[in-house]
Amino acid sequence: MPEYKDVIMAGFGGQGVLLIGNLLAQAGMEYGLEVSFIPVYGVEMRGGTANCTVVLDTRPIGSPLVYRPLSTIVLNEPSLTKFQPRLREGGVQIVNASLIDKSLLDASLSSVYLPANGMAQKLGNSKLANMVALGAWLRATGALPLKVVQKALKHVVSVHYARLISANSAALEAGYNFS
Amino acid sequence: MKKERVLMKGNEAVAYGALDAGCLCYFGYPITPQNEIPEMLSALLPDAGGHFVQAESEVGAINMLIGAGACGVAAMVSSSSCGISLMQEGLSFMAGSHIPGVVVNMTRGGPGLGDISPSQGDYFQAVKGGGHGDHRNLVLAPSTVQECYDFMFRAFALAFTYANPVMILGDAVVGQIKEPARRIPPKGALSPGKLRLLSRGWRIEGFGARGKNGQPRLLKSVYLAEGALAERNRILIQKYADMRKEARCEIEDTDDAELVVVAFGSIGRIARSVIRELRAGGRRIGLFRPLTLYPFPDAALRELAPGRRFLVLEQNAGQMVEDVRLALEGRARVFWHGVMPGLFIGANELEAPILAAFGEN
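In order, the protein sequences belong to chains A and B. Numbered by our numbering, the letters in the first sequence go through residues 277 to 455 in order. Numbered by our numbering, the letters in the second sequence go through residues 667 to 1027 in order.
Below is the structure:
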């Protein structure tokens, strides 16, 4: 099933993994795909780790939950510890170099190691690290065109933060162009 | 009515479905993982001319539902597991009094206070009565966000057709998952006006509503005169028998199947992913997904019995498997695998039990 893609996104509560999960699902839907998004949080919501799973497929989606993902976006170290061993053979992980030591990476896996916080800071807002990471994921997986995701921002970012859409869009692009 | 696909949660789809199906009243008390339902309806219903009441407790909420249903008003409550337990007395009174209403249970882990993660531990409670006496709920089990929306129409139609409580049995996965859904009434959906018409014969309307010589109506579940309760129960049992024609299921890839997996709700869709992969590897496995849990689609299941084995997958300690065994009447071998409540599981965790039942490992 080459059309099938899944990703687990994980980080500290507040790093915005649920936002990029929502964004990817929204963009996938607008692109005409079947999508599912499911957050996993609860008592660990504040200050702990948060993660979500997004599945994209051309067929109706069976399981919205994935134990061994084809790809991950990990924004902090506990998330790498938790999800790196579960990554499927041939999968790819997007790793936030700003908060995760390179020595922890499993060399047998394909990793995109980028300083998401540092790059976001250069763009003027360290909170954009999540978008930088999603941009890198789009490049690494080829799941969706960058433009489709940028266009979907206006349906995911609340009206209150609409002025930040262009900054988010730039952060996606910076991540996408990272090499 | 919006026709384009909109990304929404299962709980949100329940709220939109209720609104579009003509629900006029919501009563409830907050509990995770279903809080989006009251949150949304608290805004949607008043705007549509309906009413939203945050009750003082689940006991209060179910008794408000009795009042609305008795007056032929399309109304609902929603809660999760322990909250639904508190409503059981009211559900029994509704069944006994021929009063309709829709109850949504986004199940959490139990027993007791449990946790807020997915579980199918309330199957028995939903399907076998839950309340006292010979009380039955019609029970629908959605597994997708679109089904959450569509099933609300069916729930209200069934509630008013049979003057009986109808339960939507979901869980934390079904309620919290976001998927695209369309807000288009499903085929055969009743308009709110037609729904109201179904209550003509029994609803309480106030003095004089049926003319000068209209007889007063009394909806009650207490029958103390000699033989009166027996007569009442005969009518109820006939009603439950009539409900059997409402059984529904989804059958996939069973024609050539040696093994049929039986699973409902979230586990039903998770199992589908495993079955697809295993079928791609040449294993002849099919899926039987009950869409109604009461009435259980036993005739459709029994038809599949010759030459096949069955595996029941459910997120509890073994509940629906009893209905599967009853339906199959010993005509086929039935295996069972339970996923424990409190776990978010992926498709991979269902692979080993399916392979074992298939005859590998």
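In this text, a Cβ means the ideal position worked out from N, Cα and C, and glycines have one as well.
- With fewer than 16 other Cβ atoms from the protein chains shown falling within 10 Å of its own Cβ, Gln904 (chain B) counts as exposed.
- Val739 (chain B) sits in coil when the DSSP states are folded into three classes, being neither helix nor strand.
- Taking 8 Å as the cut-off, the beta carbon of Trp413 (chain A) is found no closer than this to the beta carbon of Ile337 (chain A).
- Within the region 774-837 of chain B, the runs of alpha helix (DSSP H) that reach at least 4 residues and sit entirely inside it are, in chain order, 789-793 and 811-828.
- Per DSSP, reduced to three states, the secondary structure at Trp868 (chain B) is coil, with no helix or strand assignment.
- Under DSSP, Tyr960 (chain B) shares a beta bridge with B:Val805.
- Nearest Cα to Ile951 (chain B) within the set B:Pro831, B:Pro961 and B:Ile917: B:Ile917.
- Chain A has no Cβ within less than 8 Å of the Cβ of Gln881 (chain B).
- With fewer than 16 neighbouring CB atoms inside 10 Å of its own CB, Ser434 (chain A) falls in the exposed class.
- Annotation for Met909 (chain B): the continuous alpha helix (DSSP H) segment containing it runs Ala894 to Met909.
- Thr417 (chain A) carries a helical assignment under DSSP once its states are collapsed to helix, strand and coil.
- For Cys689 (chain B), the closest alpha carbon among the candidates B:Gln985, B:Glu995, B:Ala821 and B:Pro961 is that of B:Ala821.
- Put simply, of B:Asp781, B:Glu988 and B:Ile901 the residue whose alpha carbon is nearest the alpha carbon of Gly1008 (chain B) is B:Asp781.
- For a Cβ distance threshold of 7 Å, residue set Gly338 and Ser339 of chain A lies close to Ser939 (chain B), ordered along the chain.
- Among the residues facing chain A, Leu925 (chain B) is not included, as its CB has no counterpart in that chain under 8 Å away.
- Listed by position along chain A, the residues whose Cβ is nearer than 8 Å to that of Ala1013 (chain B) are Gly338, Ser339, Leu341, Val342 and Tyr343.
- Excluding its 5 nearest sequence neighbours in each direction, Met909 (chain B) has C-beta neighbours in its own chain below 7 Å: Leu804, Tyr828 and Pro961, listed in chain order.
- Distances from the CA of Leu390 (chain A) to each of A:Val311, A:Arg415, A:Gly289 and A:Glu306 were compared; the closest alpha carbon is that of A:Arg415.
- Following the DSSP letters along the chain, one finds Ile441 (chain A) inside the alpha helix (DSSP H) bounded by residues Ile441 to Tyr452.
- The shortest C-alpha to C-alpha distance from Leu925 (chain B) to any of B:Gly715, B:Arg974, B:Gly948 and B:Tyr906 is the one to B:Arg974.
- From the beta-carbon of Phe454 (chain A), no residue of chain B is found nearer than 9 Å; the closest lies around 28 Å away.
- Val839 (chain B) belongs to the set of residues whose beta carbon lies under 8 Å from a beta carbon in chain A.
- Assigned with DSSP and collapsed to three states, Arg942 (chain B) falls in helix.
- Within the region 822-852 of chain B, the residues whose Cβ lies closer than 8 Å to some Cβ of chain A are Val839, Gln842, Ile843, Lys844, Glu845 and Pro846, listed in chain order.
- Cβ contact annotation for Thr698 (chain B) (same chain, cutoff 6 Å, sequence separation greater than five): Ile782, in chain order.
- Residues of chain B whose Cβ lies closer than 8 Å to the Cβ of Phe313 (chain A) are, in chain order, Leu673, Ile843, Lys844 and Glu845.
- Arg900 (chain B) is outside the set of residues whose beta carbon lies under 8 Å from a beta carbon in chain A.
- Close to chain A, meaning a Cβ-Cβ distance shorter than 7 Å, is no residue of the region 677-702 of chain B at all.
- For the region 992-1024 of chain B, residues whose beta-carbon sits nearer than 9 Å to a beta-carbon of chain A comprise Phe1010, Ile1011, Gly1012, Ala1013, Asn1014, Glu1015 and Leu1016.
- A straight line joining the alpha-carbon of Glu845 (chain B) with that of Ile284 (chain A) spans about 16 Å.
- Lys675 (chain B) is bridged by DSSP to B:Lys844.
- Only exposed fits Ser455 (chain A), as fewer than 16 other CB atoms lie within 10 angstroms of its CB.
- Chain order gives the chain A residues near Ile936 (chain B) as Gly338, Ser339, Pro340 and Leu341, where near means a beta carbon separation below 9 Å.
- The C-alpha of Arg942 (chain B) lies about 21 Å from the C-alpha of Ile843 (chain B).
- Residue nearest to His798 (chain B) within the set B:Gly762, B:Gln786 and B:Asn830 is B:Gly762 (criterion: CA-CA distance).
- Residue-level contact check: Val425 (chain A) does not touch chain B, since none of the beta carbons of chain B fall below 8 Å from its beta carbon.
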